[in-house]
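Residue numbers (our numbering), protein chains in the order written: chain E, 3 to 501; chain V, 27 to 542; chain W, 442 to 1123; chain L, 559 to 662; chain D, 91 to 182.
Here a beta-carbon is modelled for each residue, glycine too, at the ideal position from N, C-alpha and C.
Written below as C-alpha cells is the structure these notes are about.
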Amino acid sequence: MSRHWLVLAPAGAFLAAALALFVIDAVDRDSTNPTVLSAVATAGGVVAAAASAVLLLSNAATLPAELFGGQLVVDGTSLIFTFIFGSVTALVSLASLDYTRGLPFRAEYYLLVTLAATGMSLMASANSLAVVFVALELSSLPSYALVAYLKHNRGSVEAALKYFLVGALSSSILLYGISLVYAATGSLLFADVASAAGEAAATYPGVLGVGILLVLGGVAFKTASVPFHFWAPAAYEGAPAPVAAFLSSASKAAGFVVAFRVFVVAFPIDAVANPSTYAVDWVLAFTVLAVLTMTIGNFAAATQEEVKRMLAYSSIGHAGYVLMGLAALTGVGGVDAESTALGASMLHLLVYGFMNTGAFLFIALGEHWELGRTFEAYNGLAEDAPVACVAMTVFMFSLAGLPVGGGFLSKYFLVVGAIGAGVWWLGAVLAVNSALSLFYYSRVVKAMWIEAPADDREIEGYPPALYAAIVTAAVVTVLLLPGLAVFDGAAFDAAAALL
Amino acid sequence: MLVEALIAVPLVGAAVVAVAPNEYAERLALGVSAVPLVGSLYMYLAFDGSGNALLGGDVAYETFFEWLTLGPYAVNYHVGLDGVSLPLVVMTTVLTTLSILSAWTPIDDRQRQFYGLMLFMEAALVGVFAALDFLLWFVFWEAVLVPMYFLIGVWGGPRRKYAAIKFFVYTNIASLVMFIGFFALVFGLGDAVGSTGLPEIAQALRAGQLGALGLPGTGAAIPADVLALSAFVAMFVGFAVKVPVVPFHTWLPDAHVEAPTPASVMLAGVLLKMGTYALLRFNFTMLPEQATTLAVPIAAVAVVSVIYGALLALAQSDLKRIVAYSSVSSMGYVILGLVAYSYYGVGGATFQMIAHGLISGLLFMTVGVFYNATHTRMVGDMSGLADRMPVTASVFVAGAFAYMGLPLMAGFAAELFIFLGAFRSTVLPAAPLFTAAAMFGIVVVAGYLLWAMQRSLFGPFRLETDYDVGRAPVHDVAAIVTLVGLIVLLGTAPELLYDMMSDATIDVVEMGGELP
Amino acid sequence: MVTVAGIYAYAPAIAALPLASFLVALFAGRWLPKKGALAGILATGGSLVLSAVTLVELVLTGEGYDERLYTFVAPAETFDLGFGVLIDPLSAAMLVIVSLIAFLVHVFSLGYMNDEGEPGLPRYYAGLGLFSFSMLAFVFASNLLMAFVFFELVGLCSWLLIGHWYREAAPPSAAKKAFLVTRFGDYFFLVGLVGVLATFGTARFAGEGGFPAVAEHALAGETTVNTFGFAPETWFAVLGLLVLGGALGKSAQFPLHTWLPDAMEGPTPVSALIHAATMVAAGVFLLARMYGFYALLPTVLAIIAFTGGFTALFAATMAVVKDEIKQVLAYSTISQYGYMMLALGAGGYVAAFFHLTTHAVFKALLFLGAGSVIVAMHHEEDMWLMGGLKEEMRVTYLTFVAGSLALAGIFPFAGFWSKDEVLFETLVHGLGANPLLLGGYLLGLSAVFVTGFYTLRMVMLTFHGDPRTDAAADPHGVGWNVKFPLAVLGVLATVGGYLNPAPLAKLTGAEVDFLHRYLDGPASEELLTSAHHYGDLTHKWAGYTAGSVAGSESATMLAGAGLSLALALAGAGTAFVLYRGPDPDRHTEGLGDLRTVLVSNYYQDEYQVWLAEGLTLRAATAADTFDQGVIDGAVDTVSSVSLFSGDRLRRLQTGVVTNYAALIALSVLLGLAAFAVVGGWL
Amino acid sequence: MVLSSVPAEYYLVLSAAVFCTGLFGILTRENALMFLMSVELMLNAANINLVAFSFYWGTLTGQVFTLFTMALAAAEVAIGIGIILVLYRNFDDVDVTGPTTLRW
Amino acid sequence: MAVAPYEMLAFLLFALVTVGASLGVVLVRDVWHSALMLGVALLSVAIHYVLLRAAFLAAMQVLVYVGGVLILITFAVMLVRRESGPETEVAP
C-alpha cells in the first residue's frame, strides 16, 4: 500500500516545494533570501524528475498504478512527462534566480511555477475528464499570472491578457466538450467513457462527435496547435523569458500528455470512427492539425525579426511534429508502428523540453543583459559570451534536427513512426518544414557567430545560475543524442501501454 | 579501437584547442592533427581488410556495439574500414593537417575557434567514412556541415553569410531527400533487416528481399521495383547536391569563393568526396539494377557536369571560382566512372576521389597563398606573380597541370582509369560516345587553367591592390609542396591505393556487371 | 663481354640520365656553377653514348628488345597498363637522333643562354632535362599508353620552355596556345588510346601480342575483338584517325599547325630542339611506331598523305612572306613534316623516317644557326635588319648555307635525298594503286619550288648584301659552344643523305640504302616492325603497289629526282635573283592582296582564335549567365517564395484578440460542419 | 427510480443556446469584462449539461464536477480581473482590441 | 413516461429567462447592466438545477456565482469604468 502512494512522489515533490515556498514566504515575507526560494523550487523539480526517472527505469513500483478510484493513474507515460516537467521546472527555477533578481514577488513567482508544475503532473496522471479539466486549470491559472509577472511591462500585460482570454475561451470550449461527452457516455472516467463510446457513437453520434471535437479544441489550445495557437506567439514573446521557456516546454508537453491519454484511452478510434459507429475521426482531425501547425509555425517563424518571437513560432512548429504521433494512429500500421509514432512524440517532447527551454533561457540571458529583441541584437555575441553561444548553437541545430543533439533522433523516430503508420507523407511534410526551420534557426547562429558585433554593447557580469541552467540544458541536449537510448525503450513501452 | 581513436583525438583536441589561447591555437592544432595523420598512415600500412565492407567483405579496424532500438530496427555503433574508405580517411587526415598549416597566415582572428572547428570537422569526416550503420553515418554526415557552416560564415569573404546559409540549407535539404529515399528502402525490406546497418541492408537488397511498400490507408502498395527506383532517384539527388552534379551545383561556387582557404581545401578536397563516396556506397552498391536502368540519364548528367562545369570555369575571372567550377567538372568524371560499372570505371572513380581531393586541395591552397600576398583573386587584377613568388607559382603550375590530367600525376591515372572503364562499359549504351564527350573536358580544363595562369602568373608584374608581394612563408610552401609530392607519387604509383580500392569495388562491379 | 640483354637493360638509363639532370637542375641548379647546364650536358652526353651503344648492339646482334618494366596498375582485368622498353631499329635510331640533338642543344645553350646572365637558368635546364627524359622515354615506349604519357609530358616541357621568358607578355601566350592546340589533338589521341585499349586489351606496339598484329588478325577474321558494333575496318579506321589527331597536333599539321610559329617565342635552342628536331617529330614518329596498324587502313593512309601534302605546300607558301628568320624556319618545319606525313600516307615508311632524320639534323642546324645570328644581332630577328653577316660569321654562315641547301633539297645535301625519296614513294604508289596519292605528290612537288625560294630568300637576306643596321655591321661574337654544335650538324647536313641514297642503290644496285636495310634488319623481324613487313601490309590491306612512268623504275626515279631538283633549283634561283645585291627590295609586296593573305597565314589563327574566344568563351559566358540566372535563380526563387509565403502567413496574427477568438470559433465551426457531413450527424 | 422530467434534448438545446450566446459575446464585445462575463455564460452552459445529464444518467458525477467547475470559474474570474486591472493600469482602458503591439 | 406539465412549463419559462438574460449580457451596451443581466442568467440557471433535483448545487450556484463571481465583476466594473460620459450614471 505504501508503495502505491510512492508513485505520487513526483507530483508530491512539486506540491511539497509549493507548500514550502508558501511557508517560507509566510514566515519571512521581507527578507526572504532569493537563493533559498530558487533552491526550493529547483529542488522540487529535480526531485520530481529524479523520482520519475527512478520509477520509470527501475521496478520500484508496479505500473500502472491507479489511485483515487481510478481518477489518477501513474504509468510510463505519466512518468516520462513528469520527468519532463521536473527537468524544465528545475532549469527554469534555477535560471530565474538571476532573472528575477531585483524584481518583487519572487516567492510568488516560484510558487506559481511549482503550482503550475503540480497541475501539469496531475495532467500527466489524469485518468478522468474531470481531473483533466481541474488539472489543466491548475496549471493554466498560475501560468496566466506568470505571464503577467512583469506587471509594469506593457508587453507582459498584453501577453497575459491574450493568453488569458484565449485560454478562458478554450477552457470553456473544453468544458463544454467534456459536458457533451458526459452527456453521450454518462461517465467522466476514461475507461468508462471508452467502454461506452461505441454505443454512444451509434446512439448520439452528433453529441459525442461535437464533444470530442470540442475537447480536441481545448487540448489544442494547451498545445498551441493551429488554429488555437494565437495566444502562443504573444504569450511567449511578452512573458518573461523563463516563463516563456516554462510554457513552451512544460505546459505544451502537459497539453500533449492530456491529448495522448484522452484520445487514445478514452476515445478509442475504432470505437468512435468506424463505419458502423461513426462519431468523429479525430485522427483525421489531428492530421489536419499537424500539417497546419507545423507548416504555419515554421513558415511564420521564417520571417520573424525578433528572436523570441521566432522561437515562439518554432515552438508551434514543433507542436505540429509532436501531433504526428496522434495523426499516425490510423490503425493501419499496427500496434508496433503506432507505439513507435506515439513514443516518438513523447521522446520529441522530452528532448524538446531541454533544447527549447535552453533556447528560451538563452533569451532570458539576453533580456538580463538588455540586448534587445531582434536578431541584430545578438550580432557577434559569441565574442562576449562564447559558452552561452555554443549552448545556443547546440539548441538551434538540435531544434532544426541536425544530429548535434537529441532533436535529430527524436525527429528521426517521428518520421520512422509516421512512415510505419502509413502517414509517410506527413513525414515528408516534416522534412520540408525541418529544412525551412534550418534556415531560420541558423539565422540566430549566424547573428551570434558571424555578424560583426554592435559597438556599444556592454555585458555586465555573467549570471551564474542562468549560465548553469543553460549549460546544463545544452549538455543534456547533446548527451541525449547517444543517450536517448536510455529512454527510448521506456517511451515505446509507455506508448504501447496506452494503445 | 583505432577508428575510435581517430575520431576521439581530434574531437578532444578540438575542445582543447577551443579553449586554448589564440596565440597557441595554431601550433596546438597542428600537433593534434598530427596524431590522426600518423595513426591513419599506420592504419594504411597495417591494413588487412579485403572486399567491400557492405557486401560481406573482411572489414579492418571494426568496432561494433549496440546503441538504440527502434521498433524492429536496431541502431548500432558500427565502424570499420575497407579499401574504399581507408584511402579517404587517410586523405582526410592529410588534408586536415595541411589545411591547418595553410591557415596560419590567413586566419588572424578567433584562431582557437577556427582550429577547434577544423579538428571537429576532421573527426566527423573520419566518422563519415568509417561508419557502417546508417544512422551513425548520418550523424557524422550532418555533423560535418556544422563546422563548415561556421568556417565559411565567420572567416569567409564579403558575401560569406549568404554563401554559408546557402551551403548549409541546400546541403541539408539534400540530406533530407536522401534520408527519405533510404528509409523508403528500409521499409520496403520489411522484416528482412533487423537493423539500420549498411552491410545488412545492402546484403538484403542484394538477396532480392525488397518487397512492395504498402501505402496504408489506400490499400495500394508501391511495387518493389518502383520503390527501388524512386529510392534510387531520391538518394541520387540527395548526394548529387553534395558532389555536386549539374544542376545542383550552384551552392558550390558561392561557398568556395567566400570560404577561407583552409575551408575551401577541406570543402573541395574532402566534403565533395562525401557525395561520391555515398553514391558509391548507397546507390551503386545497394541498387545496381536501378543504376543500370538509369545508366543513360546518369551518364548524361555526368557528361553535362563535365562540360558545362568546365565552360562555367572558363567564364570566371576569380581564381577560386575557376577552381570551384572545375571541381564540378572533375566530379562529373567520378559519376561517369561509377555508372560504367566496370572494373576500371568504379575503381577509377574511387581513385579520382583521392586524386581530385589532393589536386583541388592543392590548387585552393595555392590560390590562398597568392591571396595572402596580393589580397585579390581576380585574374585581371594581377599579372606576373611568378616573378615575385616563384615557388608558389611553380606549385600552382604543377597543380594546374595535375588538374588537366598530366600523366604521371594522380589526375591522369584517375581519369585514364575512368575513361577506360567507361569506354568499355557493358551497362551503358553508346558508352564510347559518352566517354568521348566527357573526355573533351580535358581540353576545356586546359583552356581555362592555362588562360588563368597566363594572365595571373606570367607577363610583367602588375598588381591592382596595394600590397608588398614577397615570397610565401615556409609553412605554406611546405604544405603545397607536400601535396605536389603526393600527387606525383600517386600518379606514378597508383598501385599504392588502387590495389585496395579495386579489391573493395570489384564486388560492386560484379553486381552491376552480372545483370542482363 | 656484356650480353645483349645486359646492354638493353641499361636502355632505361638513356631516359633516366636526363631525368637526373632535371632533378639536379631543379633542386640544386641555383648553386651550381653553370646552373645545371653541365649536368644536362653530361646526362645527354651519357644518353648519346648509351644510345649509340644500343644502336651498335642492335646492328651487331640483330636482336630487338621488348620488355615490360613497370606496371602502372596490376592487370586485374584485361587491360595491359604498363610501361616498357621497345628497342627496335626505329627506336634505336631515333634515340640516337634525339640524344644527339639534345646533347648539342645543351652545349649550344651553354653559350646562348648562359652568356646573357639570364635569371631562371636552373628552370631552363630543368626543362631541357625533363624534355630530354620525356622524349627519349617516348621514343622507346613499348606501348601506346606509355607513348601517350610521354607525349603529354613533352607537351608540358614545350609549354614550360616556350614560356621561359614569362616576364614578357608574348611567350606565355604562345606557350598557352601551343599547349592548347596540341591538347586539342591529344584529346583525340587519348580517345584513340582508350579505344585501342578497350578494343584490343593491350596497347603494345610490337610483336604478335601487339595491337597492330591483333588488328590484322581481326581483319583477317582470325580473331575477334570488341569493335563496339562496327565493322572492324570502320572501327579501326576510327581509332586510327583518333590517334592521328594527336600526331597532327604534335607535328603541327594542318589544321593544328598554328601553334608552331608562335612557339618561336621560346629561346632559340628550345626551338631547335623541341620545335624543329624532336618533339614535333613525335607525331610522325608515333605514326611510324604504329605503322603496322595504319598500314591496314587505306582510307586513313590516304587522309594522312593528303593532309601531309597539303600541309607541305600550304606552310611553305606562308614561309615566303615572313620577315623574322625564326618564322621562316617555323613554317618550313611545318612544311617538312608535311612531307613526312605524305610519305607515311603513301606507304613510304623508310622515306618518312629518312626525312625525319635528315630534317632533324638540318633543321636543328638552321635553328642553331639562326640562334647564333640572333645572338650576334643582339636579339634582333627581323631579316630586313640584317644583311652582310657572312663576312663576320664564317662558321655560322657556312653551316647555315649547308643546312639551307639541305632544306631546299639541293643535290647532294641531305635533304635532297630524303625529300626525293618521299616524293618518289608517293609517285610510284600513286601511279600503281591509288591515284589520290598523285594529288599529294603534286602538292609536295609544288612545295619543292616554294621551299627553294624561301630558303634562299632567307639566306640572302640574312647573310648577303650590305649590313642594313649597325648591329648587323658589328655583330656580337659567338663562342666555341655555339660553333661546335653548328659544325657537327653542318657536317651531318651535308653528308647525311648518304645514309640512304636510294636512287644510287636502285640505279647501281649497290647496297648503299643503309637506312632501309637497317630498318628492315633482323632485329625488327620478330617484333613485326620491319620495313618490308609494313610494305607487305600496305600491299595486302591498302592495295599499295608500285607503278612507274614509262614502265621503268629507274626512269621513274630519274624523272622524279630530276623534276624535284629542277624545281628546287628554280625556286632557289628565283630567290637568288630577286634578293641579290647589296640592298634587295621587298618583292613580296608585289603580291598585293595575296601577300596580305599569306602574312595573315590564311586567317588560320583568326578562325581558331574565334573558335576559342568567339565561340567557346562566348558559350561559356552564356552558360555562366544561364547558370546565375536560371539555375541559381531557381534556387533563390525557392527560398524567396518560402519567405514570402511565410510573411503572408504571419499576417494571420493580427494582434487583435477578438480576431483570434473569431478564427478559433470559425475553425471549430468548420471542423464541426465537416465532421457533421462526414459523420452524418444531421 | 427513474424520474420523469423534461427531455434531455431540451437541456442540450438550452445549453447550446447559452453557449452560443456567450461565444457571440466574445466575438462581438471589445470590453474585457464583457469577455469575462461571456466566458462565464459558456461555462454555465457546460454546467447545465453536466447537471442535466447527471440527472438523466442517474449518477452524481456531473453534479460533483459542476462544483469543481464553479470553483475553477471563480478562480478564473479572480485571475482574469487581476489581469484586467493591470491592463487598465498599463493601457488606461479595458478594450481587448487595444493592445496590439505583439503581432505578426 | 409523460413529463409533468408544470415542470415542462417551468423549464420553458426559465429557459426563456436564461437565454434572454444571456442575450442581454452580450447585447446591452452598458457593462454594468450586462453584469446585472449576468446575475439574472446565473440565478435562472440555479432554478434549472433545482428542476434537475440538484438543490445543493443550486445553492452553491447562488453562493459562488452570484455571491462571489458577480461581486468580483462588479468591483471590476467600478474600478475600470470611465468617469465621464452617460455610462457613469449609476442608478441612485
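* To do: Compare the beta carbon distance of tyrosine 449/W and isoleucine 528/W with 7 Å and say whether it is the shorter of the two.
  => Contact: yes.
Exposed or buried, which one is valine 560/L when buried takes at least 16 other CB atoms within 10 Å? The predicted model places valine 560/L with a pLDDT of 44, which falls under 50 and marks its position as unreliable, so this point remains unresolved.
Checklist entry - Any Cβ of chain D within less than 7 Å of the Cβ of asparagine 607/L? => result no
Nearest-angstrom Cβ-Cβ length linking threonine 359/E and valine 90/E, presumed shorter than 8 Å:
5 Å
**Asked** At a Cβ cut of 7 Å, what residues of the stretch 574-596 of chain L count as close to chain W, listed as they run along the chain?
**Response** Leu581, Ile584, Leu585, Glu588
message: At 4 residues or longer, what runs of the alpha helix (DSSP H) sit wholly inside the stretch 256-338 of chain E?
response: 271-274, 284-304, 309-329
Practice problem: Indicate the three-state DSSP secondary structure (helix, strand or coil) for glycine 240/V in the structure shown. | Solution: strand
Return the Cβ separation of leucine 253/V and leucine 236/V in integer angstroms, given the expectation that the two are a contact with Cβ distance under 8 Å. 7 Å
Partners in chain W for threonine 658/L, counting only beta-carbon separations shorter than 8 Å:
Thr1095, Gly1096, Val1097
message = Does leucine 10/E come out as helix, strand or coil in the three-state DSSP assignment?
response = coil
task: Compare the C-beta of arginine 450/V against all C-beta atoms of chain W and say whether one is closer than 7 Å.
output: Yes, its Cβ sits closer than 7 Å to a Cβ of chain W.
Going by DSSP, name the residue or residues bridged to valine 101/V. Leu94/V
Phenylalanine 155/V - DSSP class collapsed to helix/strand/coil = helix
Inset, instruction - State the Cα-Cα distance for the pair alanine 275/E and tyrosine 323/E, rounded to the nearest angstrom. - result: Straight-line spacing of the CA atoms in alanine 275/E and tyrosine 323/E works out to 23 Å.
- Three-state secondary structure (DSSP) of phenylalanine 852/W: Phenylalanine 852/W falls in the coil class under three-state DSSP.
Exercise. Assuming alanine 238/V contacts alanine 247/V (C-beta within less than 8 Å), just tell me the rounded distance between them.
Key: Under the criterion of beta carbons closer than 8 Å, alanine 238/V and alanine 247/V qualify as touching, at roughly 4 Å.
Check whether the Cβ of valine 443/W lies closer than 7 Å to any Cβ atom in chain V. Confidence at valine 443/W is low in this model, with a pLDDT of 41, below 50, so the placement of that residue is unreliable and no value is reported for it.
**Prompt:** Whose C-alpha, out of Gln1094/W, Ser573/W, Glu832/W, is nearest the C-alpha of isoleucine 715/W?
**Reply:** Ser573/W
Open item on the list: For the structure I just gave you, are there three or more beta carbon pairs, one from the stretch 141-161 of chain D and one from the stretch 611-618 of chain L, closer than 8 Å?
Closed with: yes
How is the beta strand (DSSP E) around aspartate 1073/W delimited, first residue to last?
Where aspartate 1073/W is concerned, there is no enclosing beta strand (DSSP E), although the alpha helix (DSSP H) it sits in stretches over 1073-1091.
Discussion item. The alpha helix (DSSP H) that contains isoleucine 815/W, what's its start and end?
Written reply: 790-817
From Ser111/V, Gln378/V, Phe390/V, residue whose alpha carbon lies closest to that of serine 128/V: Comparing alpha-carbon positions, the option among Ser111/V, Gln378/V, Phe390/V lying closest to serine 128/V turns out to be Phe390/V.
Got a sec: which bits of the stretch 404-417 of chain V sit with their beta carbon under 8 Å from any beta carbon on chain W, in order along the chain?
Within the stretch 404-417 of chain V, the residues whose Cβ lies closer than 8 Å to some Cβ of chain W are Gly410, Ala412, Asp413, listed in chain order.
Per DSSP, what kind of secondary structure is alanine 191/E in: helix, strand or coil? In the sequence under discussion, the amino acid at residue 191/E is leucine, which differs from the alanine named in the question. It is a strand residue.
Notebook entry, point to check: Do you know offhand how far leucine 124/E's Cα is from threonine 79/E's?
Noted result: 12 Å
* Does alanine 472/V get closer than 7 Å to chain W when you measure Cβ to Cβ? -> yes
| Should isoleucine 161/D be labelled buried (16 or more other beta-carbon atoms within 10 Å of its own) or exposed? | Exposed is the call here.
Check: What three-state label does DSSP hand alanine 247/V in the structure shown?
Finding: In this structure, alanine 247/V counts as strand in the three-state DSSP scheme.
request  = Name, please, each residue of chain L whose Cβ falls closer than 9 Å to the Cβ of alanine 1114/W.
outcome  = In chain order: nothing, as chain L lies at least about 14 Å away.
- Tell me where the alpha helix (DSSP H) around tyrosine 380/E begins and ends. Neither: tyrosine 380/E is in no alpha helix (DSSP H) and is coded neither H nor E.
Q. Phenylalanine 463/W by DSSP, collapsed to three states: which one?
A. It is helical.
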